[in-house]
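Data first, discussion second: the structure below is written as structure tokens.
In the numbering used here, the protein residues as written are 4 to 209.
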């Protein structure tokens with residue numbers, strides 16, 4: 004009887020949590036597939052986001068200002084203390100990129116498709132992340148892409164917040180939190196990289 008009551012209580016709590024999230028508008032595509040997260044349970048705090056365990060150089064694909072690939076190059080990691088990041092970034096950008104926060108849907112600068120071709124770069128370190136040619140309208144209120152500009156430029160982390168395992172996407176060079184990737188995107192990849200506008204800067208190509 005005690006176990007049954009415990010199960011019923013847990014079920015009720017889960018239903019309340021889902022109801023609360025749905026009311027907040029974070030249930031997109033029929034499930035927990037928006038960019039929202041529970042920051043206190045992701046396992047990536049501001050401290051380890053700013054100080055990766057491996058502090059050696061990284062290999063990334065480098066693109067010039069005209070969007071031309073310069074090849075794979077070794078670059079030093081961009082690592083700052085929380086105080087240094089706060090001095091460099093706005094409060095909102097710091098919260099999203101260094102504390103794994105999420106902007107409200109339909110409020111970011113880039114959730115609509117751009118009027119011209121360009122590259123999206125990391126707001127913290129200028130690493131090229133996405134080509135606007137791969138951006139699509141997802142209806143979620145966050146900028147969405149079916150692939151990164153190069154697999155070397157983003158890294159994946161396991162995110163078990165909300166009791167659901169998802170895949171977090173971060174910048175390879177500076178560990179900035181960017182968003183999540185889901186398996187409900189269009190072809191040719193079937194993936195949806197759901198990003199925060201505040202983590203990106205758009206650079207039109209000439």
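Just so it is clear, CB atoms sit at the ideal spot from N, CA and C, and this is done for glycine as well.
Note that the structure is predicted; figures quoted are calculated from it, not measured.
> Counting only runs that start and end within the segment 104-164, where is the beta strand (DSSP E) found for 3 or more residues in a row?
Replying inline: 121-125, 131-134, 157-162
>> Can you list, in chain order, the residues of its chain with a C-beta nearer than 6 Å to that of residue 169? Leave out the 5 residues immediately preceding and following it.
In response: Working through the chain shown from its first residue, we reach residue 169 at position 166. So the list reads 162, 183, once near-sequence residues are dropped.
> For the putative contact between residue 66 and residue 72, defined by C-beta atoms under 8 Å, what is the C-beta separation to the nearest angstrom?
Replying inline: Here residue 66 corresponds to residue number 63 of the chain shown, with the count starting at 1. Here residue 72 corresponds to residue number 69 of the chain shown, with the count starting at 1. Rounded, the Cβ-Cβ distance is 6 Å, consistent with contact.
> What are the boundary residues of the alpha helix (DSSP H) that residue 87 is part of?
Replying inline: Position 84 of the chain shown, counted from the start, is the residue given in the question as residue 87. Here the alpha helix (DSSP H) through residue 87 covers 85-91.
>> Would you call the segment 198-205 in contact with the segment 119-128, where contact means no fewer than 3 C-beta pairs closer than 8 Å?
In response: yes
> Given that a residue counts as buried once 16 or more other Cβ atoms are within 10 Å of its Cβ, and exposed if not, what is residue 93?
Replying inline: Looking up residue 93 in the chain shown gives position 90. Label assigned to residue 93: exposed.
> Per DSSP, what kind of secondary structure is residue 70 in: helix, strand or coil?
Replying inline: Taking the chain shown and counting its residues from 1, the one referred to as residue 70 is at position 67. If DSSP states are grouped into helix, strand and coil, residue 70 belongs with coil.
>> residue 178 and residue 99 - do their beta-carbons sit closer together than 9 Å?
In response: To locate residue 99, count along the chain shown from 1; it is residue 96. To locate residue 178, count along the chain shown from 1; it is residue 175. No, Cβ-Cβ distance for residue 99 and residue 178 is not below 9 Å.
>> Please tell me whether residue 127 and residue 101 are closer than 9 Å, where the distance is taken between their beta carbons.
In response: As a first step, residue 127 is located in the chain shown; it is residue number 124 there, counting from the start. As a first step, residue 101 is located in the chain shown; it is residue number 98 there, counting from the start. Their beta carbons are under 9 Å apart, which means residue 127 touches residue 101 by this criterion.
> Taking Cβ positions, are residue 112 and residue 144 nearer each other than 9 Å?
Replying inline: The sequence position of residue 112 within the chain shown is 109, counting from 1. The sequence position of residue 144 within the chain shown is 141, counting from 1. Not a contact, by the Cβ cut-off of 9 Å.
> Between residue 172 and the rest of its own chain, which residues show a CB-CB distance below 7 Å, the 5 nearest in sequence each way excluded?
Replying inline: Here residue 172 corresponds to residue number 169 of the chain shown, with the count starting at 1. Correct list, in chain order: 157, 159, 181, 182, 183, 184, 196.
> Between residue 141 and residue 189, what straight-line distance do the alpha-carbon atoms span, to the nearest angstrom?
Replying inline: As a first step, residue 141 must be located in the chain shown, where it is residue number 138. As a first step, residue 189 must be located in the chain shown, where it is residue number 186. Roughly 9 Å between the two C-alpha positions.
> So residue 149 and residue 130 are in contact, right, with Cβ under 8 Å, and what is the actual spacing, rounded?
Replying inline: Here residue 149 refers to the residue found at position 146 when the chain shown is read from its first residue. Here residue 130 refers to the residue found at position 127 when the chain shown is read from its first residue. Their Cβ separation, rounded to whole angstroms, is 19 Å, which puts residue 149 and residue 130 out of contact at 8 Å.
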